[in-house]
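Under the working numbering, think of the first position of the sequence shown as 129, with each following residue one higher.
Below is one structure, written out as structure tokens; comments come after it.
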Amino acid sequence: MTNAPVRCKAVVLISGSGSNLQAFIDQVNAGLLPLDIALVISNKADAFGLERAARAGIKTQVIDHKAYASRDHFDHALQQAIDTVSPDLVILAGFMRILTADFVNHYRDRLINIHPSLLPKYPGTNTHQRALDAGDAWHGASIHFVVPEVDAGPIILQGRLKIRSDDSADSLQQRIHKIEHQLYPLAARWFAEQRLSHKNGKVLLDGETSDQQLQTFDL
Ligand code: GRF
């Protein structure tokens, strides 16, 4: 019998390209991230992230929200699918559905999300254009524990870059993705190593209350 190290079991929820999922897969394969991605679930059958997962030998499942009469029914089906693998961590990686409070509370303290803005600025969608329209100097991404209020949970890590005068929403999105692909696996690594936790609405890193960690990128 081998004594394989205990890995953190994760389920990743996606809706689209899955470039963040790919960043997790790459770091796991490189031996840098002690995560066992047991299942990838998409609410869209044509999400490219499903192909990325299948290529990496990860089990996938499609749960189409349109097949359910209500958000409650969909979230219940989602929860049942996730719980078949009893994950330690549920990772939202471009999952474009608002989740019910019941779902969020079920995974309290083990549900994380990445959002493409410097929260609390620009919750919701269209964040890159909104940062440009506001004439912001900085834009970025935030990783946070999920609470029932959308894009409002306590922040684990943020990465920012300077907006250039010739930036478009597309160019910003591309550069922000590079930040996401570095920071999201890092946050997952902290969690997997049991250095990161969420207690009573606070983010703890190595047992200490962690002030929103902000990293500046020159991209
Ligand atoms: C990312 O920008 C993330 O911040 C947002 O959705 C996007 C997902 O991109 N929540 P991908 O599917 O991981 O490429």
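Backbone N, C-alpha and C fix where the C-beta goes; we use that ideal spot for every residue, glycine too.
Since the model is a prediction, treat every value here as computed from it, not as a measurement.
Measuring from the CB of Y254, is there a heavy atom of the ligand GRF at a distance below 7 Å? Checking the sequence shown, residue 254 turns out to be Asn, not Tyr. Flag unset: Cβ of N254 not near the ligand GRF.
State yes or no: is the C-beta of I242 nearer than 7 Å to some heavy atom of the ligand GRF? Yes.
Just mark S270 as buried or exposed, buried being the case when its beta carbon has 16 or more other beta carbons within 10 Å. buried
Would you call the region 263-279 and the region 225-245 touching, i.e. three or more CB-CB distances under 8 Å? yes
Closer than 8 Å by C-beta to I169: which residues in its own chain qualify, once you throw out the five before and the five after it? Chain order, please. V139, V140, L141, I142, T188, Q189, V190, I191, L206, A209 and I210
Excluding the five sequence neighbours on either side, which residues of its own chain have a C-beta within less than 6 Å of the C-beta of I304, listed in chain order? P244 and A269
As an exercise, report each continuous beta strand (DSSP E) stretch of at least 3 residues that is fully enclosed by the region 169-231, in chain order. 188-190 and 217-220
Same chain, Cβ closer than 7 Å to Y235, five either side skipped, listed in chain order: Correct list, in chain order: V218.
In whole angstroms, what is the alpha-carbon distance linking A181 and L149? 8 Å
Go to R288, then tell me how far its beta strand (DSSP E) extends in each direction, as first and last residue. I283 to K290
Any heavy atom of the ligand GRF inside 7 Å of the beta-carbon of L349? This structure cannot settle anything about residue 349, because the visible part of the chain is limited to 129 through 347.
Under three-state DSSP, which class holds I307? helix
Which value, in whole angstroms, describes the spacing of the CA atoms of W318 and D295? 33 Å
Report all residues from its chain with a CB closer than 6 Å to the CB of D164; omit the five preceding and five following residues, and keep chain order. R135 and K137
In the structure shown, what three-state DSSP assignment does Q150 receive? helix
Out of R225, L285 and Q301, which one is the CA nearest neighbour of R292? Q301
At a cut-off of 7 Å, is S299 close to the ligand GRF when judged by its beta-carbon and the heavy atoms of the ligand? no
Between G185 and the ligand ADP, is there a pair consisting of the residue's CB and a ligand heavy atom that are separated by less than 7 Å? The ligand content of the structure shown is limited to the ligand GRF, which means the ligand ADP is not among them.
How long is the line joining the alpha carbons of L333 and L260, rounded to whole angstroms? Rounded to whole angstroms, L333 to L260 spans 33 Å at the Cα level.
Return the CA-CA distance between A166 and K194, expressed in angstroms with no decimal places. 25 Å
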